[in-house]
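This report concerns only the one structure given below.
In the UniProt record's numbering, the protein residues as written are 1 to 580.
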């Protein structure tokens, strides 16, 4: 998990509380549980009231402000790049998920305003589900009408005054009760640099919404366009990120389902083994009862250890899933309910969050298994002077610790059976001492990968396996040895298959004169000769190697392969006459 977090148990409880809030999370602050007031969007895509965030205890962050800082704010978009120098960082923790939030230079008030949440609050007030609205002008009386032109909520007195002014005489006024079926009644979003101007344009160079005054001032000569014209391009990029994120949600849900299944299987297996232990212990009275209690304690320790590992992984995956769901739900809500401008304002935060979530690495497989068995015939030493039997076995073969041995491990002969032995061991390097493992072996020629050789795996029932095969042709072969679809130590490896052993057609002699009975025409591959017309070698004469050798090829080792080739030494027909 890439984000900084508090201890595990803390955010698990907060996660459950956040999920229990239901649909009210769109309009109610998760901290004060009241309707949002100036809601701020955090980088983790949770929304909290500004006042609630200001009450949180800040802390110093060692990192300096940089490119990977988990900070996104409306204010930061409008900052001068020269102000982004290296400074001490101040951060807070999200009150929902405990994610670290690095505050921008302007503090909490510089974080992005969640205009979508403000719109939802306004809609809820219009439906009568929240507190009464007050007039936007006098901030005193209850609202009766809404000016559709100014997008302002007005009381009866301010509405009359609104109609008397020349500039607003012809504005469209709507009764508040007629707006209850609307999905968008938000107020105009004004430029932070020019509060009198509404944000209607988008600067492509700076990648942010701007107003009319901005494009003639700070953003002069920058390419820009109306927000309605650029929303399609930027909305599509957010949708693409959303599509990449959604499969992770499904994968995390499947992983959690697997963990639940393994946990149930673990419970069932523990109960089954406990029953076996109790049945076996009944015949040994006090000694066996003591032994039984020890076994049950050991079993419970295993259960606690594995359950703890599963619960830890479960909590981590649940937190990641909650983060993913928050990102997906917020993005979907933004894309379906947000206005063009709201999408563009929030786009930076959403894109950064979804990218960060997509980079989080996690394991979709349970970290432990439920493989526990009871071995009643295994000696367990003495208990109160009695020899006792029965042990809990959690030993599991570790492919990385397994060892391959044998003379034929890296060499073989064509059309001759070659073999080697696999010794299975657990993670601590101890021999398994039993068979039954799923051993898979493949021997494939390097130049004919689609033509594997038939292999035979013999289980010796003691943790070792004899592997044999018969190569048909010489060449280089690749051997795969796998257990549970994982390569063992040293696999894959190459085997050099040489041609079939060639026997010697000649004789292994001390010299040609002795082995041929003094024949002058007899030759030897060592190249030695004797005076008087003898074509073969003799003791102490020219060319004799001084030790016994083969007449056909001159090799000195009696049990060796003949290396004679056509055109080497004497003709083969003469060599055959050497043997007596």
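Glycine is no exception: its CB is placed at the ideal position from the N, C-alpha and C atoms.
Tell whether a beta-carbon distance below 8 Å holds between residue i and residue j.
i	j	result
residue 392	residue 297	no
residue 443	residue 469	yes
residue 35	residue 121	yes
residue 347	residue 234	yes
residue 412	residue 495	yes
residue 134	residue 142	yes
residue 383	residue 287	yes
residue 242	residue 328	yes
residue 526	residue 537	yes
residue 238	residue 350	yes
residue 404	residue 317	no
residue 40	residue 50	yes
Going by alpha carbons, who is nearest to residue i out of the options?
i	options	result
residue 156	149, 275 and 139	139
residue 480	502, 460 and 452	452
residue 401	427, 394, 390 and 380	427
residue 388	356, 412, 292 and 360	292
residue 266	307, 276 and 147	307
residue 167	153, 174, 147 and 311	147
residue 485	438, 514, 449 and 505	438
residue 203	510, 222, 59 and 213	222
residue 353	324, 342 and 381	324
residue 377	492, 280, 92 and 158	280
residue 447	456, 251 and 474	474
residue 546	510, 483, 285 and 517	510
residue 92	114, 42, 159 and 403	42
residue 582	504, 534 and 505	An answer regarding residue 582 cannot be provided, because it is not within the stretch 1 to 580 covered by the chain.
residue 340	363, 60, 115 and 90	115
residue 488	441, 246 and 560	441
Let me check one thing: in DSSP terms, what residues is residue i bridge-paired to?
i	result
residue 198	190
residue 534	530
residue 27	DSSP lists no partner for residue 27.
residue 498	413
residue 225	202
residue 486	483
residue 459	465
residue 374	392
residue 383	386
residue 440	482
residue 145	154 and 175
residue 112	41
residue 165	Answer is none; residue 165 lacks a bridge partner.
residue 475	497
residue 564	DSSP output for residue 564 lists no bridge partner at all.
residue 288	Its beta-bridge partners do not exist; DSSP assigns none.
residue 319	Looking at the DSSP assignment, residue 319 forms no beta bridge with any residue, so it has no partner.
residue 404	422
residue 445	477
What three-state label does DSSP hand residue i in the structure shown?
i	result
residue 40	strand
residue 399	helix
residue 173	strand
residue 260	helix
residue 239	helix
residue 612	There is no way to answer for residue 612, as the model of the chain reaches only from 1 to 580.
residue 586	The question about residue 586 has no answer here: the residues shown for the chain are numbered 1 through 580.
residue 49	strand
residue 78	Because the pLDDT at residue 78 is just 42, under 50, the model does not fix this residue reliably, and the value given afterwards should be weighed accordingly. Three-state result, residue 78: coil.
residue 557	coil
residue 365	coil
residue 33	coil
residue 419	strand
residue 209	strand
residue 348	helix
residue 330	helix
residue 552	coil
residue 232	helix
residue 519	coil
residue 570	With a pLDDT of 43 at residue 570, under the threshold of 50, the modelled position of that residue is not reliable, and no figure is offered here.
residue 134	strand
So residue i packs on residue j, CB below 8 Å; how close in whole Å?
i	j	result
residue 225	residue 201	7 Å
residue 211	residue 194	5 Å
residue 502	residue 562	5 Å
residue 425	residue 431	6 Å
residue 326	residue 45	5 Å
residue 276	residue 374	5 Å
residue 463	residue 423	7 Å
residue 197	residue 213	5 Å
residue 590	residue 322	The displayed coordinates of the chain run from 1 to 580. Any statement about residue 590 would go beyond what the structure contains.
CB of residue i to nearest heavy atom of the ligand GDP: below 7 Å?
i	result
residue 397	Inclusion of the ligand GDP in the displayed structure is not the case, the ligand content being empty and no account of it being possible.
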